[in-house]
Amino acid sequence: SQKIEQNSEALNIQEGKTATLTCNYTNYSPAYLQWYRQDPGRGPVFLLLIRENEKEKRKERLKVTFDTTLKQSLFHITASQPADSATYLCALSSVSSASKIIFGSGTRLSIRP
Amino acid sequence: DVKVTQSSRYLVKRTGEKVFLECVQDMDHENMFWYRQDPGLGLRLIYFSYDVKMKEKGDIPEGYSVSREKKERFSLILESASTNQTSMYLCASSSSVEKLFFGSGTQLSVL
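Which chain is which? The protein sequence lines are A and B, in order.
Be aware that the first sequence starts at 1, since it is given in our numbering, and climbs by one per residue.
Be aware that the second sequence starts at 1001, since it is given in our numbering, and climbs by one per residue.
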């Protein structure tokens, strides 16, 4: 069955360092991979999308890579700040139907001052 | 910005009650979704709607039904609430497969 795995353990990073989160998947050929941020008690908020034919995407301090051979995406936050503390979810989607979007369970990131 | 509004942030119901969760979006999106989110299990799709009166079952539709009579509104119905339906319920909308807009969620407790 289709499966997405994210770092199950929480990630604790010193402020100013680069945080790297991993998303691995199996039994899926996604056209797109998305990253969302979720704060406690709130709904996820879209951050970035990367397409299957793209290797890397950047937005301000965020960088996403997508390796369809390894079936893996890495999500980097450079110069991390305490305000970046949240849970980050990755999601895969295909072009066929929006109902086929699947989400990972998320990685909780804590940035300590 | 797109706004997806869920009618309640917190809801407490009793076992056997009929529960309605309402969701409204303001961007004329065709697609609307209901997910539930439980610790360690991620978001699981309950139902998806791609147009008015059109719906598809998601991964866990048992015990739920939905209604989409108007494009902007998507309702989730728990016909007879049970304790295992205690969860965070998230509504989302989209115009494509590329980006979902989520509401703030409804934390439902069934006692």
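The beta carbon of each residue, even a glycine, is placed where N, CA and C say it ideally should be.
Here the structure is a predicted model, which is why all the values come from computation and not from measurement.
Query, Result
"Local Cβ density within 10 Å of residue 82 of chain A, reported as buried at 16 or more and exposed below that", "exposed"
"Cβ pair residue 28 of chain A, residue 49 of chain A closer than 8 Å", "no"
"Minimum Cβ-Cβ distance from residue 1076 of chain B to chain A less than 8 Å", "no"
"Among B:1039, B:1084 and B:1032, the one whose alpha carbon lies nearest that of residue 1047 of chain B", "B:1032"
"Contacts of residue 73 of chain A in chain B (Cβ-Cβ under 8 Å)", "Within chain B, no residue comes near residue 73 of chain A; the closest Cβ sits about 15 Å away, beyond 8 Å."
"Contact list for residue 14 of chain A against chain B, beta-carbon separation under 7 Å", "Going along chain B, no residue has its Cβ under 7 Å from residue 14 of chain A, so there is no contact; the nearest lies around 27 Å."
"Closest residue to residue 1063 of chain B among B:1019, B:1025, B:1004 and B:1011 (Cα-Cα distance)", "B:1019"
"Which of helix, strand or coil DSSP assigns to residue 1085 of chain B", "helix"
"Chain B contacts made by the stretch 37-70 of chain A, where a contact means CB separation under 8 Å", "41, 42, 43, 44, 45, 46 and 49"
"Per-residue DSSP class, three states only, for residue 1038 of chain B", "strand"
"Distance cut-off 7 Å: residue 1098 of chain B Cβ against heavy atoms of the ligand NAD", "As presented, the structure is devoid of all ligands, the ligand NAD included, so that no description of it is given."
"Beta carbon proximity, residue 32 of chain A to chain B, threshold 8 Å", "yes"
"Beta-carbon neighbours of residue 1021 of chain B, restricted to chain A and to distances below 9 Å", "None at all; the shortest Cβ gap to chain A is about 13 Å."
"Chain B contact for residue 93 of chain A (CB, 8 Å cutoff)", "yes"
"Residue 57 of chain A versus residue 1083 of chain B - alpha carbon distance", "43 Å"
"Spatial neighbours of residue 100 of chain A in its chain, beta-carbon cut-off 7 Å, leaving aside the 5 residues before and after", "93 and 94"
"Residues sharing a beta bridge with residue 1022 of chain B, DSSP", "B:1075"
"Close-in-space but distant-in-sequence residues of the same chain around residue 108 of chain A (CB under 6 Å, 5 per side omitted)", "10 and 87"
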